[in-house]
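**Q**
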Amino acid sequence: MIININICSIFSYEWFSWCESTESRFCYLLRNELIFILHETYDQDVTFHLKKLINSSDSLLDVGSGLCQQLHLFECAQIIALEIHRPYLEHRQNRLPHIIPICENALNMGQLFLDQSISTVLFNDSLEHFDKEEATKLLEMAERIARKRVVVFTPRGFFHQQNYDFFQLGGEQFQAHRSGWEVEDFINRGYTVTLFKGFHDNRNLSFIKSYGKDHPPIDAILAWKTLG
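Using the numbering used here, the first residue of the sequence shown is number 130, and each one after it goes up by one.
The structure is reproduced here in structure tokens:
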């Protein structure tokens, strides 16, 4: 479902107008210049949207893959699961032969992978675990490594998650959130954005531990940049 949004909640421009494109995307125009295209949805099935972006790829690099819980859903000939915490990979839920686990710090991926060597690079709930400077470097590396697309899914704003390992595998130091992201952070890098309204709520144990069960839901951002 695509719906209109209040652009003033994201940017403070005083003069603006809206138009709807042939793809039912809402385009923001400032003095007749296209600034960005933004989707907004209340859909909770982010996996469906990720598959649409990823399934045409022949190879996928999943940065911060954790237990590789969803990697079997992507129709890629080769999937590289990059994860710093070895116990997550040792207890990974998918051991299919085309899913290759690599235990390494993501900040070193520029040394591991050549430019344009992977079709798509994915950060699925992982970018926020780095501070803003480190995460920006990761995006820069990913945009060099990827031939086709970089995809990011992350909370909107700073999600106050502390050192809590949902998997109980000793990865507490890697679970804390260290950066928060807004729509304009990705728009300014040339990404297209879908805003998932109220995605994080009290169905998420980490949400309850951070905010309590009565806290209002928090939005999430799906952003992607098509390369080449």
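For each residue, glycine too, the CB sits at the ideal point set by N, CA and C.
Values in this document were obtained by computation on a predicted structure and should not be read as measured data.
#1: Return the CA-CA distance between glutamate 233 and tyrosine 340, expressed in angstroms with no decimal places.
#2: With a threshold of 6 Å on Cβ separation, who are the neighbours of serine 248 within its own chain once the five nearest residues in sequence on each side are excluded?
#3: Pop quiz: lysine 342 and asparagine 331 are said to be a contact at Cβ under 8 Å. What is the actual Cβ separation, rounded to whole angstroms?
#4: Below 8 Å on the Cβ atoms is my contact criterion, and I expect phenylalanine 242 with leucine 190 to pass it. Report the Cβ-Cβ distance as a whole number of Å.
#5: With contact counted as at least three CB pairs below 8 Å, one residue from each stretch, are the region 258-274 and the region 169-187 in contact?
#6: Going by DSSP in three states, arginine 278 sits in which element: helix, strand or coil?
#7: Run the CB neighbour count on aspartate 244, radius 10 Å, all protein chains shown included, and call it buried at 16 or more, exposed below.
#8: So serine 186 is in the beta strand (DSSP E); what residue range does that whole segment cover?
#9: Give the DSSP-derived three-state secondary structure of asparagine 253 in the structure shown.
#10: Would you tell me roughly how many angstroms separate the C-alpha atoms of glutamine 290 and serine 255, rounded to the nearest one?
#11: When you compare only the Cα positions, how much space is there between valine 184 and leucine 200?
#12: Would you list the residues sitting across from cysteine 232 in a DSSP beta bridge?
#13: Just grab the DSSP bridge partners of histidine 329 for me.
#14: Straight-line CA distance for aspartate 314 to threonine 355?
#15: Going by beta carbon distance, what residues of the same chain come within less than 6 Å of leucine 268, once the five residues before and after it are set aside?
#16: Cα separation between proline 226 and alanine 210?
#17: Can you find the residues in the same chain that come closer than 6 Å, C-beta to C-beta, to glycine 424, ignoring five residues on each side of it along the sequence?
**A** So, from the data block:
#1: Residue mapping note: residue 233 aligns to position 104 of the sequence shown, counting from 1. Residue mapping note: residue 340 aligns to position 211 of the sequence shown, counting from 1. Each residue's Cα considered, the two are about 31 Å apart.
#2: Indexing the sequence shown from 1 puts residue 248 at position 119. The answer, listed in chain order, is Ser186, Asp187, Ser188, Arg276 and Lys277.
#3: Here the question's residue 342 lines up with position 213 in the sequence shown. Here the question's residue 331 lines up with position 202 in the sequence shown. Confirmed, Cβ separation roughly 4 Å.
#4: The residue given as residue 242 occupies position 113 in the sequence shown. The residue given as residue 190 occupies position 61 in the sequence shown. Right, their Cβ atoms sit about 7 Å apart.
#5: no
#6: Translated into the one-based positions of the sequence shown, residue 278 becomes position 149. It is a strand residue.
#7: Translated into the one-based positions of the sequence shown, residue 244 becomes position 115. Label assigned to aspartate 244: exposed.
#8: On the sequence shown, position 57 is the one that residue 186 refers to. That residue, serine 186, is in no beta strand (DSSP E); it is neither H nor E in DSSP.
#9: For the purposes of this step, residue 253 is taken as the residue at position 124 of the sequence shown. Correct three-state label for asparagine 253: strand.
#10: Translated into the one-based positions of the sequence shown, residue 290 becomes position 161. Translated into the one-based positions of the sequence shown, residue 255 becomes position 126. Cα to Cα, the separation comes out at about 12 Å.
#11: On the sequence shown, residue 184 is found 55 positions in, with the first residue counted as 1. On the sequence shown, residue 200 is found 71 positions in, with the first residue counted as 1. It is asparagine, not valine, that sits at residue 184 in the sequence shown. About 11 Å.
#12: One-based indexing of the sequence shown puts residue 232 at position 103. Bridge partners of cysteine 232: Glu212.
#13: Numbered from its first residue, the sequence shown carries residue 329 at position 200. BP columns for histidine 329 point to Ile347.
#14: Sequence index remark: in the sequence shown, residue 314 carries index 185 (1-based). Sequence index remark: in the sequence shown, residue 355 carries index 226 (1-based). When rounded, the distance between both Cα atoms is 16 Å.
#15: Counted from its first residue, the sequence shown places residue 268 at position 139. So the list is empty, once near-sequence residues are dropped.
#16: Counting from 1 along the sequence shown, the entry for residue 226 is found at position 97. Counting from 1 along the sequence shown, the entry for residue 210 is found at position 81. Their Cα atoms are separated by approximately 12 Å.
#17: Given a span of 130 to 357 for the chain in the structure shown, any question on residue 424 remains unanswerable.
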